[in-house]
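A.B. asks: Residue numbers 763 to 836, in my numbering, belong to the letters of the sequence shown in order. C-beta atoms are modelled at their ideal positions from N, C-alpha and C, and glycine is treated no differently. No experiment lies behind these values; they were computed from the predicted model shown.
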Amino acid sequence: MNLILAIVLIVVALLAGVALGFFIARKYMMNYLKKNPPINEQMLRTLMMQMGQKPSQKKIKQMMRSMNNQMDNK
763 MNLILAIVLI
773 VVALLAGVAL
783 GFFIARKYMM
793 NYLKKNPPIN
803 EQMLRTLMMQ
813 MGQKPSQKKI
823 KQMMRSMNNQ
833 MDNK
């Protein structure tokens, strides 16, 4: 009886640890990506120039705002 109880407690503790670790890692990554976005204005300007477009500051700001709104909605 004690052996079964010990095994059940170990399994429950393992599952709780995995779930807690997942949520902590997810929260950390969301904060990291918010502080350090994967793309910035300079990268966006270079990308648009490579596609043959002449980027205006207004268009770049608009695209950055759109990308930030998309990140906030997730």
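Can you give me the C-alpha to C-alpha distance between ARG807 and LEU795, rounded to a whole angstrom?
C.D. replies: The alpha-carbon atoms of ARG807 and LEU795 are separated by roughly 20 Å.
A.B. asks: How would you write the range of the alpha helix (DSSP H) that SER837 sits in, first residue to last?
C.D. replies: The question about residue 837 has no answer here: the residues shown for the chain are numbered 763 through 836.
A.B. asks: Can you give me the C-alpha to C-alpha distance between GLY814 and LEU776, rounded to a whole angstrom?
C.D. replies: GLY814 and LEU776: Cα-Cα distance of roughly 54 Å.
A.B. asks: Do the segment 818-830 and the segment 776-794 meet, that is, are 3 or more Cβ pairs less than 8 Å apart?
C.D. replies: No, the segment 818-830 is not in contact with the segment 776-794.
A.B. asks: Among residues of its own chain, excluding the 5 on either side of MET810, which ones have a beta-carbon nearer than 7 Å to its beta-carbon?
C.D. replies: The residues are PRO817.
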